[in-house]
Amino acid sequence: MQNIYTDLALEMAEQLQDSSGSGIEGVEIDVEDMGDIKVTTVRVVNETGASAMGKAMGNYITIESPEIKVNNVTVHEEIICILTQRLAELAKNKAGTTLVIGLGNRNVTPDALGPSVISKVLVTRHIMDNLPRELEGGLRSLCALAPGVMGMTGIETAEVVRGLVDHVKPTLIIAIDALAARRIDRINQTIQLTDTGISPGAGIGNKRMALNEENLGVPVVAIGVPTVVDAATFVNDVMDLFLSEMSASTPEGLKDGADFFKMLKQLEEDDKYAIIRNTLSPHVGNMFVTPKEIGEVVSWLSNMIANGINMAMHEGIDRDDINRFMY
Numbered sequence: 005m006q007n008i009y010t011d012l013a014l015e016m017a018e019q020l021q022d023s024s025g026s027g028i029e030g031v032e033i034d035v036e037d038m039g040d041i042k043v044t045t046v047r048v049v050n051e052t053g054a055s056a057m058g059k060a061m062g063n064y065i066t067i068e069s070p071e072i073k074v075n076n077v078t079v080h081e082e083i084i085c086i087l088t089q090r091l092a093e094l095a096k097n098k099a100g101t102t103l104v105i106g107l108g109n110r111n112v113t114p115d116a117l118g119p120s121v122i123s124k125v126l127v128t129r130h131i132m133d134n135l136p137r138e139l140e141g142g143l144r145s146l147c148a149l150a151p152g153v154m155g156m157t158g159i160e161t162a163e164v165v166r167g168l169v170d171h172v173k174p175t176l177i178i179a180i181d182a183l184a185a186r187r188i189d190r191i192n193q194t195i196q197l198t199d200t201g202i203s204p205g206a207g208i209g210n211k212r213m214a215l216n217e218e219n220l221g222v223p224v225v226a227i228g229v230p231t232v233v234d235a236a237t238f239v240n241d242v243m244d245l246f247l248s249e250m251s252a253s254t255p256e257g258l259k260d261g262a263d264f265f266k267m268l269k270q271l272e273e274d275d276k277y278a279i280i281r282n283t284l285s286p287h288v289g290n291m292f293v294t295p296k297e298i299g300e301v302v303s304w305l306s307n308m309i310a311n312g313i314n315m316a317m318h319e320g321i322d323r324d325d326i327n328r329f330m331y
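Shown next, in the form of structure tokens:
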């Protein structure tokens, strides 16, 4: 299988199912259709499944909706509720301090999701000893940091977080990052939650120290949104759409090419992707693509994710309370 860039466990499962034509040993998949929103849970339950998926054992929850990338307040509120519930389920240890880490580069819009979320979470660690009586028990100790990227700091993000863990001694870490997807229709329309941690930059081929319980000694819940797709994947998906259209309704002047279009469409997915990638590489290198409305979408997504974190961690307050405290 070609090394197609993706951070989504759901997409890895789909690729394996397409190639095998059956289920994946050691992987369980549950799908919930909620109208405008679809929630898919991929559970990697043993080492066989982990080896096949290239993912650690654990839970991977994917929330999908085309309404994420538009300003649909009703659906966004539903997604916040789902995020709150699923994050609370993954964050088993509710006692102690939560450390929220916003991964990414705030100066690069498709990579600014993590820092944007950090600016909107309700941090409380510094005031826990001075809370009003009516708020006691409703707020959890929470602190947050956007450590930047190694290209700006010269320090591995995991090294920064490990230093914070030694000092702050959190009982839970929540890491937020922008991801890469395999399919263009998942860009800015998908949120993934997992209790297995995260490897910053893995989806675009960068190798960085993972933020996980093994490296940090603390459970890590990761939240990510695919904001980019690699150029070869983009061309591949557009070509699939083009070939489907041409083979189904070939214009009169191109009837002689109908068989050619069908032949291209029948190429193995890996072979087609490899041809496109090898063709593009000398000209554009390792290019990634993002939609032009990415700035607006990151703003909406950061609001949804931050409010999901706020309500999951601070169980005594609702969104109206958070909006009063934050804005």
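Numbering-wise (the working numbering), the sequence shown opens with residue 5 and increments by one. The C-beta atom is built at its ideal place from N, Cα and C for all residues, glycine as well.
Distance, Cα to Cα, residue i vs residue j?
{"i": "F246", "j": "V239", "result": "10 angstroms"}
{"i": "R110", "j": "V169", "result": "23 angstroms"}
{"i": "E29", "j": "M16", "result": "13 angstroms"}
{"i": "M156", "j": "G108", "result": "11 angstroms"}
{"i": "E32", "j": "I195", "result": "19 angstroms"}
{"i": "V153", "j": "V104", "result": "16 angstroms"}
{"i": "S145", "j": "H130", "result": "8 angstroms"}
{"i": "T294", "j": "D181", "result": "15 angstroms"}
{"i": "L14", "j": "D325", "result": "34 angstroms"}
{"i": "N75", "j": "L305", "result": "10 angstroms"}
{"i": "S55", "j": "L197", "result": "20 angstroms"}
{"i": "V127", "j": "G100", "result": "14 angstroms"}
{"i": "R187", "j": "D40", "result": "19 angstroms"}
{"i": "V164", "j": "P151", "result": "7 angstroms"}
{"i": "M38", "j": "T45", "result": "14 angstroms"}
{"i": "D11", "j": "G167", "result": "26 angstroms"}
{"i": "E36", "j": "T78", "result": "19 angstroms"}
{"i": "L20", "j": "M57", "result": "8 angstroms"}
{"i": "V49", "j": "M61", "result": "6 angstroms"}
{"i": "T200", "j": "G312", "result": "19 angstroms"}
{"i": "D244", "j": "I191", "result": "17 angstroms"}
{"i": "A236", "j": "D322", "result": "43 angstroms"}
{"i": "K96", "j": "P204", "result": "23 angstroms"}
Residue i lies in the beta strand (DSSP E); which residues open and close that run?
{"i": "L176", "result": "L176 to A184"}
{"i": "P332", "result": "Within the shown structure, residues of the chain are numbered from 5 to 331, placing residue 332 beyond reach of any answer."}
{"i": "N111", "result": "First-last for N111: undefined, no H or E at that position."}
{"i": "Q89", "result": "Premise fails: Q89 lies in the alpha helix (DSSP H), V77 to L94, not in any beta strand (DSSP E)."}
{"i": "N63", "result": "G62 to E68"}
{"i": "T44", "result": "K42 to V48"}
{"i": "E36", "result": "V31 to D37"}
{"i": "A148", "result": "L146 to L149"}
Please identify the residue among the options whose C-alpha is closest to the C-alpha of residue i.
{"i": "A316", "options": "C85, V43, V35 and V31", "result": "C85"}
{"i": "V43", "options": "T52, I65 and V49", "result": "I65"}
{"i": "L149", "options": "G106, N134 and T175", "result": "G106"}
{"i": "D234", "options": "A278, T175 and I122", "result": "A278"}
{"i": "G320", "options": "T231, L143, N216 and I313", "result": "L143"}
{"i": "M308", "options": "E217, S285 and K124", "result": "K124"}
{"i": "I83", "options": "P119, D275, G53 and E71", "result": "E71"}
{"i": "N219", "options": "E81, Q89, A162 and I280", "result": "A162"}
Starting from residue i, follow the alpha helix (DSSP H) in both directions and report where the run begins and ends.
{"i": "E300", "result": "I298 to M317"}
{"i": "L220", "result": "E217 to L220"}
{"i": "V165", "result": "T161 to V172"}
Kindly give me the distance between the Cβ atoms of residue i and residue j, rounded to whole angstroms, as I take these residues to be in contact under 8 angstroms.
{"i": "T175", "j": "V112", "result": "About 32 angstroms; that fails the 8 angstroms criterion."}
{"i": "V302", "j": "A116", "result": "6 angstroms"}
{"i": "N63", "j": "L91", "result": "No, N63 and L91 are not in contact; Cβ-Cβ is about 12 angstroms, not under 8 angstroms."}
With hydrogens ignored, establish whether the beta-carbon of residue i is closer than 8 angstroms to any heavy atom of the ligand NAD.
{"i": "Y9", "result": "Ligands displayed in this structure: none; no statement on the ligand NAD is therefore possible."}
So, do the stretch 217-237 and the stretch 174-190 have three or more beta carbon pairs nearer to each other than 8 angstroms? Yes, they touch.
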